[in-house]
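For the protein sequence lines, the chains are A and B, in the order given.
116 is the number that my numbering gives the last residue of the first sequence; the numbers go up by one with no jumps.
909 is the number that my numbering gives the last residue of the second sequence; the numbers go up by one with no jumps.
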Amino acid sequence: MKRSQLGELEELVLLTVGSLYEEAYAVAILNVIKEQTGRNIDVTAIHSVLRRLEKKGFITSSMGGATQERGGRRKKLFVLSQAGRRALDESMEVRMALYNKMPKLAFARIAS
Amino acid sequence: MKPQPPKWADRFLEWYCNPDLLEDLQGDLHEIFAEKIATGKARSARFYFVWCVLRSFRFSVINRDSKLKNTTLMMTKNNFKIAFRVLWNDKFNTLLSLAGLAIGITCFILMGFYVKQELSYDQFNTKKDRIYRVWLKEVYGPDQIFFNSVTPIIFEKTLEDNFGEIETVVQFDKINYLVGQGNDRYNENVGVISPEFFNVFDFPLIKGNTETPLQDRNNIVLSESYAQKYFGLRDPIGQALPVQIGEEVREFIVSAVYADIPKESSVRFDMAISNENNKDIYGERAMTAWFNVSPETYVLIKDNANINSVEAGIPAVVMSNLKERVNPGEYNIGFQPLTDIHLNTEIPVGKAPVGNPTYVYILAIISVLVLVTAGVNYTTLSIGQSLKRSKEVGVRKVMGAMRTSLVNQYLSESLLISFFAVLVGIALAHVALPIFNDLTGADVSLSFEPWHMLLYIGLILLIGLASGIYPALVLSRLRVISILQGKRQSNSKHYIRKGMVVFQFVITVFLICSTLIMRKQLNYIQTKDLGINYNTTVSVPLYPDPAANRLSTAISSAMEKGNLLKEKLNQYGSISDIGMGSHVFGTDGWASLAYTDDEGNFRRFRLLDVDPYYMNTFNIKIKSGRSFDPESGLDKRQSIILNQEAVDYFGIKDPIGKRLPGKGFGDHVIIGVTDNFNYSSLHNAVEPLVITQNVVPIFQGISDNGFGDSPIPKLVFRYSGAQLTQVKNILEKEWKNTFPGEELNFSFVEDNMKAQYASENRMSKLVTVSTILSIIIASLGLLGLIVLVINSRIKEIGIRKVVGASGLTIFRLLASSFAMQLLLGILLSIPITYWLMSGWLNDFAYRIDIGIDTFVLGSLIALVLAFIAIGYHTVKAAMVNPVDSIRTE
Chain A
5 MKRSQLGELE ELVLLTVGSL YEEAYAVAIL NVIKEQTGRN IDVTAIHSVL
55 RRLEKKGFIT SSMGGATQER GGRRKKLFVL SQAGRRALDE SMEVRMALYN
105 KMPKLAFARI AS
Chain B
21 MKPQPPKWAD RFLEWYCNPD LLEDLQGDLH EIFAEKIATG KARSARFYFV
71 WCVLRSFRFS VINRDSKLKN TTLMMTKNNF KIAFRVLWND KFNTLLSLAG
121 LAIGITCFIL MGFYVKQELS YDQFNTKKDR IYRVWLKEVY GPDQIFFNSV
171 TPIIFEKTLE DNFGEIETVV QFDKINYLVG QGNDRYNENV GVISPEFFNV
221 FDFPLIKGNT ETPLQDRNNI VLSESYAQKY FGLRDPIGQA LPVQIGEEVR
271 EFIVSAVYAD IPKESSVRFD MAISNENNKD IYGERAMTAW FNVSPETYVL
321 IKDNANINSV EAGIPAVVMS NLKERVNPGE YNIGFQPLTD IHLNTEIPVG
371 KAPVGNPTYV YILAIISVLV LVTAGVNYTT LSIGQSLKRS KEVGVRKVMG
421 AMRTSLVNQY LSESLLISFF AVLVGIALAH VALPIFNDLT GADVSLSFEP
471 WHMLLYIGLI LLIGLASGIY PALVLSRLRV ISILQGKRQS NSKHYIRKGM
521 VVFQFVITVF LICSTLIMRK QLNYIQTKDL GINYNTTVSV PLYPDPAANR
571 LSTAISSAME KGNLLKEKLN QYGSISDIGM GSHVFGTDGW ASLAYTDDEG
621 NFRRFRLLDV DPYYMNTFNI KIKSGRSFDP ESGLDKRQSI ILNQEAVDYF
671 GIKDPIGKRL PGKGFGDHVI IGVTDNFNYS SLHNAVEPLV ITQNVVPIFQ
721 GISDNGFGDS PIPKLVFRYS GAQLTQVKNI LEKEWKNTFP GEELNFSFVE
771 DNMKAQYASE NRMSKLVTVS TILSIIIASL GLLGLIVLVI NSRIKEIGIR
821 KVVGASGLTI FRLLASSFAM QLLLGILLSI PITYWLMSGW LNDFAYRIDI
871 GIDTFVLGSL IALVLAFIAI GYHTVKAAMV NPVDSIRTE
């Protein structure tokens, strides 16, 4: 099977799901991203990213945790799956590997 | 109570949302809403809630189970799926149908845009419904009618003062002046316009004084591209631009720049000055003259006014101004809507060229015909297919399919095909556009506008439904029992199918024959012996002395200047037969003069002013008498030569030594008569012509004149050098030596002759293109049909061969039915072609006969093409080993 690629927002959401552990649902994710990056993302965008990630098998969901302000509706809680974890690891590795190469190259450019 | 999000948005969300997603999504939105309310921003919370509900309305969220899974949608989807599979399975036939339709659509789009462009002239003006052009028709007798769409200058003031219904009157003239200074002097057509002109027409001013651009009589406005031509990247506003008007070179100050005038505008100018300069341009007397026409006049009537009430008031105004000079009904003023100008050939041409409406309509009809051929082609192909698919229909019916659902099924197929065909057609049209423009000389641009989308969708629906409905009905009508028993279907449908094949042939043969006739006619007029020799003849327009204020002195001064150039050119061996004349072959509108003769008849004739060598340059043959003698001073002063038509027209017997029948003329004597050589395009018959070296005695006797072509002399010579480009170098060098600072123009007479038939040539090429396309479509159709017929008779053929039929017999068997249809098509198309093409030929004074040969040739072409289309498969079927075809059942 062709490996699914992670988009930028997808990766961000996936990371947030991982970091929130068992408390990850759309609004919480939204708030964390806003705190961490200052980016103002639409909740609908988060929803569609979550749906996509679930379809790719990177996260799994369960229902639970109704609250008053939700009008007694349950949340959809997301957990990072094995595949999701692996995808994050791989993407981090690639980034780090490239990042570590960078200073040398950059200096070489400047020197010439 | 706690604030709640808007109810309607909540309900909308519940309605469309997939129930699996609803609880979480709705909960999230409510939570965010509560959060925002808590921070005290109720309005923005509500707004954001609605925004999110709308944003969530996307395919992945919508409840597909209940909203999309109803029968109609499901069946439609299924229909298209099946349709796609059917089409994919039979790639050969699909390709044929698709190609045929796509070619038809391409042709339709290209022609359609050409036609649309012709029809959309002047439509861009927002006030187009209120703008009218004024015409003037003076009627003094049956032969004495002067009809013009150019008008006296005084109209502007008269119409403005006398009619409350009129908001503004503006005038527009275009005059050739030398513009620029030093070596950058060019001959330009300078517009002379009323200062309010830009309030009437939608020509946006983009730079400078955009409110009152021609406030001062020394202002000039330029189009964007002309501002660049003269000033490059510099800011043109406030710069001086010299224009030579008469003797005087006047400095005009550029006050504004306007956007280039669109192609589809009848009123066009690249630079313009105010008509406050009229007195300098036309002279004092013209300002109040009622019988001197020059500028076009446009009126803008008030919003709720009616042009009829202006028209009704015209006679009274005319009579109050011209009481003593005209009788009622003699001096008529009328109004023509702006949008009518481009395609109305009944009103004389003014400053703007007029298109030929017949051509536009013919092309519109042809483009529709080609599209219809393509549609019919698809229909016949798919009816043919129905033979193969009767089992499918039977099984569907047994399974309980209703007739309507079967019709829907087959319509889906045709819609799908037409959808792809339109896509391919649009792509092809864009790809082929440059070739199309190049080939036809048309100047079409396919700019995409949103409404085109609607057009294309309409085209898809129209083609899909119109060409699919009949096969769908035929297929769905089949009887279950007879299909499943394997009985042959009734033969009635073959008549319709054959009828359509015949129809297609009618159109194709019609197009082929029309093309042949057009080509023959064009060939005829371009190679007809005109009685003159204009091969490799070059024409160079001369300039009059700016100081010359009368036409006769302007002509003679230009001739004098021409003599200077002539002496220089004489030293070149490759240049011979240098002459000069006021008009040259290849341009229409030679000076037309009129007077009333001794017996009170109104007479018109054309005048050609020449030097003694002109006749020689063009090899004009003298029938009787003699030609001009260069040595004779008397010839220079008073000798004239007539053409045979003039002799007949004036009714002069033994013309040599006589005079023209009129008292007003100065001393002159007829010394020779020429053949009736053609001097205008062959749309017109030869008119009476007087040739002279001295215009003065002739001018003395005439009462009216008209110049469609400038009568300022041109230098003509024959060039015998090996390379035509060299003549340019010679001319440029000698011109610069003789007339520094003036612009050199020259042209080959042959090219001008060809240009006279440019619109006919374009038309012929457009028709040729459509013919080729429709031939391709028809051949594709035939190819599809023959394959089908062969497939359904493959066993029959096998058995026939076993019994002893030769290949030739088989070929005859298969080809004969098509041959009959083709012959019928040919027979039907002959009268249609004859009738339509006679109409076209009537435009020409000199025309070919539509001989039987054209139809024989056209039919042969159609026959040969048809047999090429069916030949390969037919021969293959006739050659096939019967063992292969009848071994298995």
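Each residue gets a CB set at the ideal place from its N, CA and C atoms; glycine is no exception.
Local conformation of residue i per DSSP, three classes
i: residue 739 of chain B; result: strand
i: residue 280 of chain B; result: coil
i: residue 196 of chain B; result: strand
i: residue 28 of chain B; result: helix
i: residue 839 of chain B; result: helix
i: residue 112 of chain B; result: helix
i: residue 816 of chain B; result: helix
i: residue 882 of chain B; result: helix
i: residue 748 of chain B; result: helix
i: residue 470 of chain B; result: helix
i: residue 51 of chain B; result: helix
i: residue 600 of chain B; result: strand
i: residue 906 of chain B; result: helix
i: residue 292 of chain B; result: strand
i: residue 120 of chain B; result: helix
i: residue 677 of chain B; result: coil
Through-space distance from residue j to residue i, alpha-carbon basis
i: residue 192 of chain B; j: residue 171 of chain B; result: 10 Å
i: residue 216 of chain B; j: residue 155 of chain B; result: 20 Å
i: residue 802 of chain B; j: residue 438 of chain B; result: 19 Å
i: residue 20 of chain A; j: residue 65 of chain A; result: 14 Å
i: residue 783 of chain B; j: residue 523 of chain B; result: 24 Å
i: residue 34 of chain B; j: residue 82 of chain B; result: 10 Å
i: residue 23 of chain A; j: residue 36 of chain A; result: 10 Å
i: residue 548 of chain B; j: residue 587 of chain B; result: 34 Å
i: residue 458 of chain B; j: residue 525 of chain B; result: 29 Å
i: residue 365 of chain B; j: residue 408 of chain B; result: 55 Å
i: residue 749 of chain B; j: residue 323 of chain B; result: 58 Å
i: residue 101 of chain A; j: residue 248 of chain B; result: 56 Å
CB contact check: residue i to chain A, cutoff 8 Å
i: residue 80 of chain B; result: yes
i: residue 902 of chain B; result: no
Partners in chain B for residue i, counting only beta-carbon separations shorter than 7 Å
i: residue 31 of chain A; result: 48, 51 and 52
Short CB-CB distance (under 8 Å) between residue i and chain B
i: residue 85 of chain A; result: no
i: residue 75 of chain A; result: yes
i: residue 6 of chain A; result: With a pLDDT of 44 at residue 6 of chain A, under the threshold of 50, the modelled position of that residue is not reliable, and no figure is offered here.
i: residue 78 of chain A; result: yes
i: residue 43 of chain A; result: no
Interface partners of residue i on chain A, CB under 7 Å
i: residue 75 of chain B; result: 46 and 48
i: residue 34 of chain B; result: Simply none; closest approach about 12 Å.
i: residue 45 of chain B; result: 51
Within chain A, the residues that residue i reaches when beta carbons sit closer than 8 Å
i: residue 72 of chain B; result: 46, 47 and 48
Per-residue contacts from residue i into chain B (C-beta, under 9 Å)
i: residue 2 of chain A; result: There is no way to answer for residue 2 of chain A, as the model of chain A reaches only from 5 to 116.
i: residue 55 of chain A; result: 41, 80 and 81
Anticipated Cβ contact below 8 Å, residue i with residue j, distance rounded
i: residue 706 of chain B; j: residue 696 of chain B; result: 4 Å
i: residue 638 of chain B; j: residue 773 of chain B; result: With 8 Å as the limit, residue 638 of chain B and residue 773 of chain B do not qualify as a contact, their Cβ atoms being about 12 Å apart.
i: residue 275 of chain B; j: residue 239 of chain B; result: 4 Å
i: residue 256 of chain B; j: residue 242 of chain B; result: 6 Å
i: residue 317 of chain B; j: residue 221 of chain B; result: Not a contact, Cβ separation roughly 13 Å.
i: residue 194 of chain B; j: residue 311 of chain B; result: Not a contact, Cβ separation roughly 21 Å.
i: residue 761 of chain B; j: residue 205 of chain B; result: 5 Å
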